[in-house]
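In UniProt numbering, the protein residues as written are 1 to 151.
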């Protein structure tokens with residue numbers, strides 16, 4: 001991990017992860033706070049990136065472990081061609097779940113914005129035991145029913 005940003009005298013770790021599953025896909029994410037603190041997964045809106053959380057991250061880093069990824073095609077993550085990557089909310093949720101596994105996030109809270117809401121809904125529905133709580137900002141409710149206990 002490389003420390004690239006210092007904001008308000010707090011260091012924010014900015015990390016690039018190369019996925020090993022053959023797509024040549026790099027997922028960029030910002031990480032700050034102690035890994036022993038409760039984790040908040042920050043999912044950005046459209047057409048933004050984790051950069052939208054640049055002021056929120058240092059404000060919360062003393063009390064929380066924060067992870068803010070850029071989805072494929074956004075921010076500093078790879079931008080696969082449309083004919084080589086399925087740009088769907090299901091696929092984005094799968095990518096975010098793989099990131100939580102890679103980072104060994106057993107449980108976390110979700111803070112989602114706009115376009116991140118459908119991704120967050122899918123995570124909460126598929127992994128209700130991992131998602132401890134949710135804050136949906138400017139996110140529409142799901143059009144499909146969630147599994148019992150999923151939201």
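We put the CB at the ideal spot given by N, CA and C, even for glycine.
- The beta carbon of residue 51 sits closer than 7 Å to the beta carbons of 75 from its chain, once the five residues preceding and following it are set aside; these are given in chain order.
- Here the alpha carbon of residue 85 sits roughly 20 Å from the alpha carbon of residue 123.
- Scanning its chain for C-beta atoms nearer than 6 Å, with the 5 sequence neighbours on each side dropped, one finds around residue 70 the residues 28, 49, 50, 76 and 77, in chain order.
- Two segments are said to touch when three or more pairs of C-beta atoms, one from each, lie closer than 8 Å; by this definition the stretch 29-42 touches the stretch 105-113.
- Residue range 108-113 is occupied by the beta strand (DSSP E) that includes residue 112.
- Comparing alpha carbon positions, the residue from 53, 58, 93 and 80 closest to residue 68 is 53.
- Nearest neighbour of residue 36 by Cα position, chosen from 58, 62, 25 and 26, turns out to be 62.
- Cα atoms of residue 34 and residue 64: separation of roughly 7 Å, rounded to the nearest angstrom.
- Collapsing the DSSP output to three states places residue 38 in coil.
- Residue pairing for residue 131: DSSP places it in a beta bridge opposite 108.
- Residue 131 is classed as buried because its beta carbon has at least 16 other beta carbons within 10 Å across all chains shown.
- Residue 113 counts as buried, since no fewer than 16 other beta carbons sit within 10 angstroms of its beta carbon.
- With a 10 Å radius around the Cβ and a threshold of 16 neighbouring Cβ atoms, residue 88 comes out exposed.
- Rounded to whole angstroms, the gap between the alpha carbons of residue 94 and residue 24 is 16 Å.
- Residue 56 and residue 82 have their C-alpha atoms roughly 32 Å apart.
- Contact check for residue 46 against residue 115 passes: the beta carbons are separated by less than 7 Å.
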